[in-house]
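Numbering (this note's numbering), first residue to last: 1 to 281.
Notes to accompany the following structure.
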């Protein structure tokens with residue numbers, strides 16, 4: 001659907017020049033964001049986006065994994081930071097949890113799809129105001145899959161489909177699971193597939209320590225996914241121009257009650273790196 005974007009003009013501009021060309025004073029570098037997964041901690045991404053807007057930092061592309069794909073999809077679809085905040089701060093896990101007969105997952109991923117379909121102002125990647133990629137993982141090969149076309153809601157569902165917990169999403173005849181398994185902080189996707197000249201990575205799991213008690217299948221699955229994600233996150237962060245680390249110490253992956261604290265921590269993390277980010281442009 002057509003909407004008037006209330007954000008500053010600098011946030012609406014998308015540059016389509018060949019990213020391989022030499023930089024010239026007349027061409028502003030394309031700034032891409034790589035937003036990490038992190039379940040409830042992903043709320044901190046909203047504060048980072050807000051801080052960048054307030055500083056006048058243009059955003060030309062966003063790659064998001066799991067929770068980062070949710071926030072990234074809403075923003076690239078033209079929703080304001082305030083609108084995204086209103087939707088996600090009201091959300092509860094019961095909005096997306098639909099338990100199913102165990103086969104490929106305990107919870108149907110259709111709840112994620114319906115949640116995104118309900119709140120997205122547009123449905124297809126082709127209608128996005130800012131280029132966006134949702135990052136998932138091929139269940140068969142373990143390889144990263146960057147989704148850049150088709151249904152936005154279905155792509156986000158795939159990116160958020162934590163193995164064992166959520167059923168995989170089937171897209172283009174592939175079974176896809178959570179992007180954190182292969183690319184927790186999707187710097188490569190932002191740079192190679194969205195053609196960003198400069199990449200700001202946002203990791204909302206910095207200093208996080210997951211529970212050390214494994215008393216259910218859910219906690220074991222979440223722990224294993226966090227281990228995979230933290231390892232590949234460290235590797236991709238090395239490829240970013242700036243890394244914004246949001247301190248998640250003491251905040252569990254699924255603790256939505258700490259939303260306001262996460263927003264404050266996200267804002268502080270962004271401000272701590274703002275001088276480095278401004279230098280990119």
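Even for Gly, the Cβ is constructed at its ideal location relative to N, Cα and C.
Practice task
In angstroms with no decimal places, state the Cα-to-Cα distance between residue 287 and residue 270.
Solution key: An answer regarding residue 287 cannot be provided, because it is not within the stretch 1 to 281 covered by the chain.
Handout entry: Contacting residues, own chain, Cβ-Cβ under 6 Å from residue 162 (five flanking each side not counted)
Key = As a first step, residue 162 must be located in the chain shown, where it is residue number 162. Here the set comprises 178 and 225.
Exercise for the section: Take the Cβ of residue 30 as the centre, count every other Cβ of all protein chains shown within 10 Å, and call the residue buried at 16 or more, exposed below. Expected result: Locating residue 30 in the chain shown gives position 30, counting from the first residue. The C-beta of residue 30 has 16 or more other C-beta atoms within 10 Å across all chains shown, which makes the residue buried.
Problem - For residue 54 and residue 196, the rounded distance between their alpha carbons - result: Taking the first residue of the chain shown as 1, we reach residue 196 at position 196. Taking the first residue of the chain shown as 1, we reach residue 54 at position 54. When rounded, the distance between both Cα atoms is 21 Å.
Problem - Selected residue, minimal CA-CA separation from residue 127, among 114, 112, 152 and 251 - result: Counting from one through the chain shown, the residue named residue 127 turns up at place 127. Checked all of 114, 112, 152 and 251; the closest Cα to residue 127 is 152.
Handout entry: Buried or exposed (CB count within 10 angstroms, at least 16 for buried), residue 206
Key = Within the chain shown, numbered from 1, the residue matching residue 206 stands at position 206. So residue 206 counts as buried.
Practice task
With a floor of 4 residues, list each alpha helix (DSSP H) that falls wholly inside the region 124–192, ordered by position along the chain.
Solution key: Listed in chain order, the alpha helix (DSSP H) elements of length 4 or more contained wholly in the region 124–192 are 152–159.
Handout entry: Beta-carbon contacts of residue 256 that lie in its chain and below 6 Å, excluding the five residues immediately before and after
Key = Taking the first residue of the chain shown as position 1, residue 256 is located at position 256. Excluding residues within five positions, the ones whose Cβ falls inside 6 Å are 40.
Handout entry: Simplified DSSP assignment, three categories, for residue 275
Key = Looking up residue 275 in the chain shown gives position 275. If DSSP states are grouped into helix, strand and coil, residue 275 belongs with the helices.
Exercise for the section: For the alpha helix (DSSP H) containing residue 114, list its first residue and its last residue. Expected result: Taking the first residue of the chain shown as position 1, residue 114 is located at position 114. Its alpha helix (DSSP H) spans residues 110–119.
Exercise for the section: Mind checking which residues open and close the beta strand (DSSP E) that includes residue 62? Expected result: Position 62 of the chain shown, counted from the first residue, corresponds to residue 62. It spans 61–65 - the beta strand (DSSP E) in which residue 62 sits, taken as one unbroken run.
Problem - Residues bridged to residue 75 [DSSP beta-bridge criterion] - result: For the purposes of this step, residue 75 is taken as residue 75 along the chain shown, with counting starting at 1. Looking at the DSSP assignment, residue 75 forms no beta bridge with any residue, so it has no partner.
Handout entry: Collapsed DSSP secondary structure at residue 33 in the structure displayed
Key = Position 33 of the chain shown holds residue 33. Correct three-state label for residue 33: strand.
Practice task
Over the uninterrupted beta strand (DSSP E) stretch that includes residue 201, give me the two end residues.
Solution key: Locating residue 201 in the chain shown gives position 201, where the first residue counts as 1. Boundaries of the beta strand (DSSP E) around residue 201: 198–206.
Practice task
Starting from the C-beta of residue 240, find all residues in its chain whose C-beta is less than 8 Å away, skip the five residues before and the five after it, and write them out in chain order.
Solution key: Counting from one through the chain shown, the residue named residue 240 turns up at place 240. Its chain contains 34, 185, 187, 199, 200 and 201 as the residues whose beta carbon lies nearer than 8 Å to that of residue 240, once the 5 sequence neighbours on both sides are disregarded; these appear in chain order.
Problem - Reduced DSSP secondary structure (H/G/I, E/B, other) of residue 87 - result: Here residue 87 refers to the residue found at position 87 when the chain shown is read from its first residue. Residue 87 falls in the helix class under three-state DSSP.
Problem - Opening and closing residue of the beta strand (DSSP E) in which residue 48 lies - result: Numbered from its first residue, the chain shown carries residue 48 at position 48. Element bounds for residue 48: not the beta strand (DSSP E) but the alpha helix (DSSP H), 44–54.
Practice task
Assign residue 278 to one of two classes, buried (16 or more other C-beta atoms within 10 Å of its C-beta) or exposed (fewer than that).
Solution key: As a first step, residue 278 must be located in the chain shown, where it is residue number 278. By the neighbour-count rule (16 or more Cβ atoms within 10 Å), residue 278 is not buried but exposed.
Practice task
Go to residue 243, then tell me how far its beta strand (DSSP E) extends in each direction, as first and last residue.
Solution key: Mapped onto the chain shown, residue 243 falls at position 243. First-last of the beta strand (DSSP E) with residue 243: 242–247.
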